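Which chain is which? The protein sequence lines are A and B, in order.
Convert by adding 4 to the 1-based position in the first sequence; the result is the number in my numbering.
Convert by adding 73 to the 1-based position in the second sequence; the result is the number in my numbering.
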Amino acid sequence: MYAQMVKSEIADGGPEMDAFQARIDAGERIEPKDWMPDSYRKTLIRQISQHAHSEIVGQLPEGNWITRAPTLERKAILLAKVQDEAGHGLYLYCAAETLGVSRDELTEMLLDGRMKYSSIFNYPTLTWADIGAVGWLVDGAAIMNQVPLQRTSYGPYARAMVRICKEESFHQRQGYDIMMKMAQGSDAQKRMAQDALNRYWYPSLMMFGPSDTESVHSTQSMKWRIKINSNDELRQKFVNQTVPQAEYLGLSVPDENLRLNEETGHYEFSEPDWDEFFQVLNGNGPCNAERIAARNKAWDDGAWVREGMMEHARKKADNTKLAVE
Amino acid sequence: MSKPPPTARNEWPLWEVFIRGQHGMSHRHVGSLHAPDAEMAIKNARDVYTRRNEGVSIWVVEATKITASSPSEKGPMYEPALSKVYRHPTFFDIPEDVGAM
Numbered sequence: 005m006y007a008q009m010v011k012s013e014i015a016d017g018g019p020e021m022d023a024f025q026a027r028i029d030a031g032e033r034i035e036p037k038d039w040m041p042d043s044y045r046k047t048l049i050r051q052i053s054q055h056a057h058s059e060i061v062g063q064l065p066e067g068n069w070i071t072r073a074p075t076l077e078r079k080a081i082l083l084a085k086v087q088d089e090a091g092h093g094l095y096l097y098c099a100a101e102t103l104g105v106s107r108d109e110l111t112e113m114l115l116d117g118r119m120k121y122s123s124i125f126n127y128p129t130l131t132w133a134d135i136g137a138v139g140w141l142v143d144g145a146a147i148m149n150q151v152p153l154q155r156t157s158y159g160p161y162a163r164a165m166v167r168i169c170k171e172e173s174f175h176q177r178q179g180y181d182i183m184m185k186m187a188q189g190s191d192a193q194k195r196m197a198q199d200a201l202n203r204y205w206y207p208s209l210m211m212f213g214p215s216d217t218e219s220v221h222s223t224q225s226m227k228w229r230i231k232i233n234s235n236d237e238l239r240q241k242f243v244n245q246t247v248p249q250a251e252y253l254g255l256s257v258p259d260e261n262l263r264l265n266e267e268t269g270h271y272e273f274s275e276p277d278w279d280e281f282f283q284v285l286n287g288n289g290p291c292n293a294e295r296i297a298a299r300n301k302a303w304d305d306g307a308w309v310r311e312g313m314m315e316h317a318r319k320k321a322d323n324t325k326l327a328v329e
Numbered sequence: 074m075s076k077p078p079p080t081a082r083n084e085w086p087l088w089e090v091f092i093r094g095q096h097g098m099s100h101r102h103v104g105s106l107h108a109p110d111a112e113m114a115i116k117n118a119r120d121v122y123t124r125r126n127e128g129v130s131i132w133v134v135e136a137t138k139i140t141a142s143s144p145s146e147k148g149p150m151y152e153p154a155l156s157k158v159y160r161h162p163t164f165f166d167i168p169e170d171v172g173a174m
C-alpha cells in the first residue's frame with residue numbers, strides 16, 4: 005500500500021455525475037479523454053502520484069545495500085529489483101500524466117514536500133537482513149493493495165497495476181529467499197533476521213493506514229472504485245498470510261497478543277503505534293530529511309544532463325532541417 | 074492515449090510506446106515515457122518496457138503527433154457498423170447440404 009491517507013474530494017452532484025457513477029457501477033473503465041468529474045480527477049492525481057513517489061523514494065533504502073550485497077549474485081538481483089522500482093514509478097507517473105499534470109510538476113511537489121510518499125520508506129535499512137525484510141514484508145504489503153487495484157475504474161491506473169503486479173512477486177520472493185538463508189544461517193545471522201523482523205513488523209502494518217471504516221474519504225474512493233478494500237481488511241489479510249511465513253522461518257512476530265482465533269480463522273494482533281505513524285507522515289521519521297535531501301540532490305545534480313540532452317536533440321533537429329533546405 | 078502536459082517547461086517530450094510481443098504479432102500500445110529525442114525514446118523504452126523479454130520490436134511516436142477520435146463522437150462514428158448486420162457471414166442462412174462455406 006503505497007498510497008496512505010489520500011484525501012478524496014467530495015463528489016459534485018448533477019446528471020453528468022450520475023451517468024459517470026453508473027458507468028463505474030457497471031464495471032466500465034474510465035479512459036483519459038472521457039468526461040470525468042473534477043473531484044475524481046484531483047483525487048486520482050493525488051493517489052497515483054503518491055504511489056509513484058513511493059516507488060521512487062523506495063529505491064533509496066534498498067540502494068543503500070547495492071554496493072554491500074554479500075555476493076555478486078545478490079548484488080545483481082538487488083540491482084534488478086531497484087531498477088524495477090524505477091520502472092514502477094515511471095508507469096505510474098505516466099498514468100498520472102494522462103489526467104493533465106506534467107511529470108516535472110509532480111516531481112517538484114515531491115521535492116518541496118507538497119506531496120507525500122509511503123511512511124515505510126522513512127525507516128533505515130541497517131543490516132543486510134533488512135533488505136530481506138523489506139522484500140518480504142514491505143513488498144508483501146504492497147501486493148495486498150495492488151492486486152485489487154488491477155480492477156480499479158481508471159484505465160491507465162489499472163493497466164499500470166497489471167504490469168507492476170507481474171513484477172512485484174519477484175520482489176517478495178527474493179526478500180523471503182534472503183530471510184530463509186539468514187534464518188538457516190549462523191546464530192548471528194539468525195539474530196539479524198529476527199532483529200529485522202522486529203523493526204519492520206509494525207511499520208509494515210502501518211503501511212495500510214489507520215482504520216478507515218468511518219472515513220468519508222474512503223467511502224467516496226470506494227464508490228469510485230479507486231479503493232477496493234478497507235485498510236483493516238487488507239491489514240488482516242496481510243497478517244493472516246505473513247504469520248505462518250514467519251513461523252516457517254523460525255522467527256517470532258514481535259507481538260505478545262498475537263493469536264489465531266479458531267472461530268474466525270483470523271489472527272488477532274496488536275495495533276501499531278499510530279502516533280508514530282502520524283509523526284513519520286508529518287516528516288519526523290528517522291529518515292524523512294535524508295530521503296528528501298537525496299531526491300533533491302539527484303534532481304539538482306541531474307539538471308545539466310536533462311538540459312544538455314534536450315539541447316542536443318534541438319540542435320540535431322535544426323541540422324536536419326538545414327540539410328533539407 | 075496520453076495528452077501532452079499543459080505546461081511546456083523544459084521537460085522532455087512525451088512518447089507513446091508500441092511493442093511487438095513476438096514474431097507474427099502486431100505492435101501494441103504499452104505505455105508512454107519521456108525522452109529528448111526518438112533515439113533516446115527507443116533506448117528508454119527498452120529499459121522501461123522490455124526488461125523481461127516482452128518484445129522483439131519497439132515503435133515510439135511523439136504523443137503530440139497522435140490524432141485520436143473523441144469519445145463524444147462514439148455514437149455517429151460507430152452506429153453505421155451496428156445497422157449493417159449483413160456485413161457478417163452469419164446473416165446468411167446456407168443449407169447444411171451445401172457443406173462448409
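In this text, a Cβ means the ideal position worked out from N, Cα and C, and glycines have one as well.
Here the structure is a predicted model, which means the values were calculated and not measured.
- Every alpha helix (DSSP H) stretch that sits fully inside the segment 216 to 244 of chain A and reaches 4 residues is listed by chain position as 220 to 227.
- Residues are counted here when their Cβ sits less than 9 Å from a Cβ of chain B; for the segment 208 to 239 of chain A the count is zero.
- Between the segment 67 to 81 of chain A and the segment 186 to 197 of chain A there are fewer than three inter-stretch CB-CB distances shorter than 8 Å, so the stretches are not counted as touching.
- Contact of A:K46 with chain B by beta-carbon distance below 9 Å is absent, the smallest such distance being about 15 Å.
- No Cβ-Cβ contact shorter than 7 Å links B:L106 with B:V129.
- If you ignore the 5 residues before and after A:R239, its C-beta comes within less than 8 Å of the C-beta of L209 and F212, all in its own chain and listed in chain order.
- Below the 7 Å Cβ cutoff, chain A contributes no neighbours of B:D166, its closest Cβ being approximately 34 Å away.
- Interface with chain A (7 Å Cβ-Cβ cutoff): B:E146 is excluded.
- Only those residues of the segment 309 to 325 of chain A whose C-beta falls short of 8 Å from the nearest C-beta of chain B are listed: R310, E311, M313, M314, H316, A317, K320 and A321.
- As a beta-bridge residue in DSSP terms, A:Y158 pairs with A:I34.
- Per DSSP, A:L64 lies in no beta strand (DSSP E); the unbroken alpha helix (DSSP H) holding it starts and ends at Q63 to G67.
- A:H221 sits away from A:Y121, with the two beta carbons spaced by 7 Å or more.
- By the CB criterion at 7 Å, A:W69 and A:I135 fall inside the cutoff.
- Pairing A:V61 with A:N126, the inter-Cα distance amounts to about 9 Å.
- Here B:H100 carries a strand assignment [DSSP, helix/strand/coil].
- Under the three-state reduction of DSSP, B:I92 is assigned to strand.
- With contacts defined by Cβ atoms closer than 7 Å, A:Q154 and A:M165 form a contacting pair.
- Of all residues in the segment 71 to 93 of chain A, those with a C-beta nearer than 9 Å to a C-beta of chain B are A84, Q87, D88, A90 and G91, reading in chain order.
- Per the coordinates, the alpha-carbon of A:D42 lies some 47 Å from the alpha-carbon of A:A73.
- Remark: three or more beta-carbon pairs, one from each stretch, lie closer than 8 Å, so the segment 170 to 185 of chain A and the segment 140 to 150 of chain A are flagged as touching.
- For B:S130, the enclosing beta strand (DSSP E) stretches over residues S130 to E135.
- A straight-line Cα-Cα distance of about 9 Å links A:V284 and A:C291.
- A check of alpha carbon separations from A:S123 across A:W303, A:D279, A:D322 and A:W308 identifies A:D279 as the nearest.
- Residue ranges of uninterrupted alpha helix (DSSP H) with 4 or more members, entirely inside the segment 120 to 155 of chain A and ordered along the chain, are 132 to 137 and 143 to 153.
- Within the segment 98 to 115 of chain A, the residues whose Cβ lies closer than 9 Å to some Cβ of chain B are C98, A99, E101, T102, G104, V105, S106, R107, D108 and E109, listed in chain order.
- Within the model, the alpha-carbon separation for A:T246 versus A:D199 is close to 16 Å.
- According to DSSP, residue pairing for A:R263 in a beta bridge involves A:E272.
- From the beta-carbon of A:D38, the residues of chain B found nearer than 8 Å are P144.
- Contact annotation: the segment 98 to 108 of chain A touches the segment 90 to 108 of chain B, with at least three C-beta pairs closer than 8 Å.
- Distance between B:P162 and A:K37, taken at the CA atoms: about 34 Å.
- Neighbours of B:G104 in chain A, taken as residues whose beta carbon is under 7 Å from its own, are Y95 and C98 in chain order.
- Under a criterion of Cβ atoms nearer than 8 Å, the residues of chain A adjacent to B:M113 are, in order, M313 and A317.
- If you draw a straight line from the Cα of A:Y206 to the Cα of A:N286, it comes to about 18 Å.
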